[in-house]
Amino acid sequence: MAIKILHVILLAAVKYIITLPYAMIIGLNYEQAIFAVLTGGIGGFLFFYYLSKPVIKGFRAVKDFICLKISRLHKGSNKSHCKREKIKKKIKIFTRKNRFLARFKKTYGFWGVIVCTPPFLTIPLGAFLAGKYYSKRRHLVLYMIISITAWAAVLTGVMNIFPKLFFD
């Protein structure tokens with residue numbers, strides 16, 4: 222039973238919307254399922270939210286270090302590569318993912334990230350977006366925890382109203 226609960230906690234930390242029905246299907250009772258889903262969702266958000274800033278800073282530092290080592294190794298033949306990298310930082314290159322994130326941020330903003338993270342975005346992506354764009358907001362973590370809890374209540378209500386949709 223403990224392995225099932227741990228499995229649900231880990232799944233809820235990554236993909237929240239499917240976890241409550243899954244927990245009920247694999248045989249957890251209602252209290253265990255709610256506990257595991259809320260623990261996994263909130264714990265996953267906190268883990269990815271506080272991990273995103275050091276990862277971004279570390280990625281930038283490693284990228285600069287590698288660029289410096291490559292330019293020294295090739296004795297100046299690739300110095301222009303490092304300079305190009307610095308120039309590329311100023312020029313925005315819009316990939317499909319960048320356009321999606323920019324459009325989502327512009328259209329829905331802070332509250333869109335808060336409300337849409339548990340059901341539509343994954344917990345890690347929502348935590349990354351919240352940490353990158355809205356980390357200076359005062360009650361960000363509290364609002365996200367409330368959102369995760371509210372979506373658990375909504376999913377519970379849907380599962381009670383339409384049980385044949387999930388258990389038949």
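If you read the sequence shown in the working numbering, its first letter stands for residue 222, the second for the next number, and so on. The beta-carbon is built from N, C-alpha and C at its ideal position, and this holds for glycine as well.
Legend entry - Pick from K225, L272, S368 that is closest to K353, judged by C-alpha positions: Checked all of K225, L272, S368; the closest Cα to K353 is L272.
Inset, instruction - Identify the continuous alpha helix (DSSP H) that holds M380 and give its terminal residues. - result: The continuous alpha helix (DSSP H) containing M380 extends over residues 361–382.
Inset, instruction - Tell me whether the beta-carbon of P345 lies closer than 8 Å to the beta-carbon of V235. - result: Contact: yes.
Inset, instruction - Kindly indicate if chain C contains any beta-carbon less than 8 Å away from that of I247. - result: Absent here is chain C; the protein component of the structure consists of one chain.
Inset, instruction - Compute the distance between the beta-carbons of L350 and V334, then report whether it is under 8 Å. - result: Contact: yes.
Legend entry - Helix, strand or coil at P339 according to DSSP, with G and I counted as helix: Here P339 sits in coil by DSSP.
Inset, instruction - Report the three-state DSSP secondary structure of K274 (helix, strand or coil). - result: In the structure shown, K274 sits in a helix (DSSP, three-state: H, G or I).
Inset, instruction - Mind checking which residues open and close the alpha helix (DSSP H) that includes L249? - result: L249 -> no alpha helix (DSSP H), and no H or E assigned at all.
Inset, instruction - Between the Cα of I366 and those of V336, Y355, Y251, spot the shortest distance and give me the residue it belongs to. - result: For I366, the nearest C-alpha among the options comes from V336.
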